[in-house]
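Numbering (our numbering), first residue to last: 201 to 915.
All C-beta atoms, glycine included, are put in the ideal place defined by N, C-alpha and C.
It should be emphasised that the depicted structure is a prediction, and the values quoted were computed from it without experimental measurement.
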Ligand SMILES: Cc1cc2nc3c(=O)[nH]c(=O)nc-3n(C[C@H](O)[C@H](O)[C@H](O)COP(=O)(O)OP(=O)(O)OC[C@H]3O[C@@H](n4cnc5c(N)ncnc54)[C@H](O)[C@@H]3O)c2cc1C
């Protein structure tokens, strides 16, 4: 199959790459104010930062107009200027920034949050690339990492790790692979983009490794990242006396302690990964995010935090180049102390507190603002019931209410960008919206703990359930206090189509036996086998007596249990797992009192739980008879009465985790308009883009890599 994309990037070289000392970074530019010093250095001052250059409008050919923002929206004076402006300092943005900086460009990261890393910072960090990437080659050779921290052998055979670009491309577009919803997520991947991604996957992995990211042994693959080869590995650091990114080490304090304490470095404590690395190693997304951030700062990339990109500035709304961005001040504060939240590291930060500023991008703007999971209006385009604002995005606390607000996508649409891949929200629905097995916290997808500055926003880590079994100890009710589903099946989700596949994972055959593009992979008999839907999330979002015009919100959901359940299940319901102050956990001596407390104390409880006492009484009668006529739960698990005070209510959340679909891009990560024409100077990657339905990090990294490559080629 013909290649149309950036072959040269596989060698890590750009055709027009210049030596560092010949770079076209203007000496007058504030970005030349000083290369970043080591991590921990004081914030750099920026001589003349406010003296932004006004050449931009003239250079661009835009009409000269007076005032900061002329009628066309193109400023005559810009507040800042850089070769590349990256909006969003997460997975896609950091890689794009590093790639562009390596090619000698000046880069400013405009980040809406107070710290770098985005969702990547508290992700699991599991990254599927492949195509014969350097990790696959390392594990085939049985080699360790350069520092020798990996002391365990690969559990995969040579064959399972032997990969190439053709295979990767074929698999990422294999129409025959199903997921256990009997849907075919790979089928709808855009082919030109997937080709470019396959070709750039090995070099993108290399970039991560060249910028301090240490990967453990490969194990399996990520959702929708291929079915016949092992491609996924997670980042790790070695526990030591001090955190030293160059040495690949982290202190116990920065690593945190699972179940006890997190840190500013890692909002979720890093967990042991001895099975895939070696003794005293810990892993998690922070190991990757902090390494990339460290390297970016070291290379002289500048960060402007607390700065939300609101608008893309194009010569004309639907014509000409994208020239820069307009961005507003978006500081976040501790709700208890009022103190402003600040980034962990400060070197390379550009401090700017004006309400609105403009930033000129000489070569282009990268939209790497993540997805739309926290924008109920936007996401309800795909699932109307998810207009319910009670249900947030994963990462709600760390990124804040404006994180993942679709702002990058909307800004692109306003300058004429097309959208694509939107249906993939439904194709990967087991990772899009779901009910996590964590109660009593708003941010129920993850178990953040005290130690990270944003913990005060959530105030409770949440009660983790031990699988669906723990749900036998509670009943689940909707906003009017009625049960709505068999609790044991409530959080069950379809599996994932990933390596090693097999009958539970999207292919009739497992691992190496999988035959790509074979019609038997999705013949009617296999479809019937796969069609084992659990509709708990849809029942949870159903209308009920409390759903009223004009929005018909389904309302919040509550787990109701008693003190006997707490003792039986051995749940820890003390702080920091719960909080009696955040509106997501309540305790009372009677069910009536419990209902009243929920109504008073939860921000999205719009109606009284008028059926709650009746529901609990009915449940207890059913328990006595050993029957659950409403939802037939007696067939699945023991039933326990709810009759020993105190009684408890803990929130059950529907979380919109990842989002799929976004700005339409081509194989160079350039954004295209409704006619398919490139919007000059505008790039996009990661969850803000419609570049395909691979889960999470790898797509974001590879998109960022491709964007950085092509930004360096801009005239
Ligand atoms: C708990 C958890 C576990 C996960 N585990 C994995 C895993 O193991 N493997 C995997 O592949 N994926 C995983 N993911 C998903 C993965 O983290 C994301 O898909 C990935 O980080 C998306 O990359 P991105 O660059 O598109 O967005 P992000 O990494 O979220 O970065 C977007 C950045 O843009 C900023 N921003 C948003 N709007 C604006 C604006 N208007 N102006 C300026 N800045 C803005 C945000 O603050 C953020 O910093 C996980 C996610 C979570 C929450």
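Let me know the secondary structure DSSP gives residue i once reduced to three states.
i: residue 859; result: coil
i: residue 213; result: Here the model assigns residue 213 a pLDDT of 27, short of 50, so the residue's position is not dependable, and the following value carries that caveat. Three-state result, residue 213: coil.
i: residue 558; result: strand
i: residue 626; result: helix
i: residue 850; result: strand
i: residue 314; result: coil
i: residue 388; result: helix
i: residue 897; result: helix
i: residue 733; result: coil
i: residue 757; result: strand
i: residue 537; result: coil
i: residue 246; result: Note that residue 246 scores a pLDDT of 31, beneath 50, so its modelled location is shaky; the value from the coordinates is reported in the next line. In the structure shown, residue 246 sits in coil (DSSP, three-state: anything other than H, G, I, E or B).
i: residue 432; result: strand
i: residue 654; result: coil
i: residue 438; result: strand
i: residue 905; result: helix
i: residue 563; result: strand
i: residue 547; result: coil
i: residue 177; result: A query on residue 177 cannot be resolved here, the shown segment of the chain reaching from 201 to 915 and no further.
Compute the Euclidean distance between the alpha carbons of residue i and residue j, then round it to the nearest angstrom.
i: residue 315; j: residue 825; result: 55 Å
i: residue 341; j: residue 432; result: 17 Å
i: residue 722; j: residue 383; result: 9 Å
i: residue 696; j: residue 538; result: 43 Å
i: residue 589; j: residue 447; result: 44 Å
i: residue 913; j: residue 603; result: 30 Å
i: residue 565; j: residue 849; result: 47 Å
i: residue 897; j: residue 336; result: 17 Å
i: residue 598; j: residue 647; result: 12 Å
i: residue 827; j: residue 683; result: 15 Å
i: residue 830; j: residue 425; result: 40 Å
i: residue 329; j: residue 675; result: 42 Å
i: residue 764; j: residue 852; result: 20 Å
i: residue 473; j: residue 698; result: 21 Å
i: residue 592; j: residue 600; result: 10 Å
i: residue 795; j: residue 535; result: 27 Å
i: residue 549; j: residue 709; result: 51 Å
i: residue 837; j: residue 888; result: 42 Å
i: residue 475; j: residue 491; result: 22 Å
i: residue 557; j: residue 657; result: 28 Å
i: residue 479; j: residue 297; result: 33 Å
i: residue 759; j: residue 312; result: 34 Å
Find the nearest neighbour of residue i within the set the options, judged by alpha-carbon distance.
i: residue 734; options: 887, 452, 690 and 273; result: 690
i: residue 783; options: 772, 792, 426 and 756; result: 756
i: residue 808; options: 501, 282, 677 and 374; result: 677
i: residue 412; options: 381, 670, 486 and 374; result: 486
i: residue 594; options: 307, 858, 899 and 292; result: 858
i: residue 350; options: 394, 407 and 436; result: 436
i: residue 352; options: 418, 515, 619 and 839; result: 418
Which residues bound the beta strand (DSSP E) around residue i?
i: residue 308; result: 307-310
i: residue 509; result: 507-516
i: residue 765; result: Residue 765 -> not in any beta strand (DSSP E); alpha helix (DSSP H) instead, spanning 763-769.
i: residue 871; result: 870-872
i: residue 345; result: Where residue 345 is concerned, there is no enclosing beta strand (DSSP E), given that its DSSP letter is neither H nor E.
Could you give the residue range of the alpha helix (DSSP H) that holds residue i?
i: residue 497; result: 485-498
i: residue 822; result: 812-825
i: residue 788; result: No alpha helix (DSSP H) contains residue 788, which is instead part of the beta strand (DSSP E) from 785-788.
i: residue 612; result: 607-614
i: residue 520; result: That residue, residue 520, is in no alpha helix (DSSP H); its beta strand (DSSP E) goes 519-529.
i: residue 302; result: 291-302
Any idea if residue i is buried or exposed, counting beta-carbon neighbours within 10 angstroms, 16 or more meaning buried?
i: residue 876; result: exposed
i: residue 817; result: exposed
i: residue 743; result: exposed
i: residue 666; result: exposed
i: residue 569; result: buried
i: residue 519; result: exposed
i: residue 176; result: An answer regarding residue 176 cannot be provided, because it is not within the stretch 201 to 915 covered by the chain.
i: residue 529; result: exposed
i: residue 348; result: exposed
i: residue 915; result: exposed
Closer than 7 Å: is that where the CB of residue i sits relative to any heavy atom of ligand 2?
i: residue 322; result: Absence of ligand 2 from the depicted structure is noted, with ligand 1 being the only ligands included.
Looking at the C-beta of residue i, does it have a partner C-beta in chain B at a distance below 8 Å?
i: residue 737; result: Any reference to chain B falls outside this structure, which holds one protein chain only.
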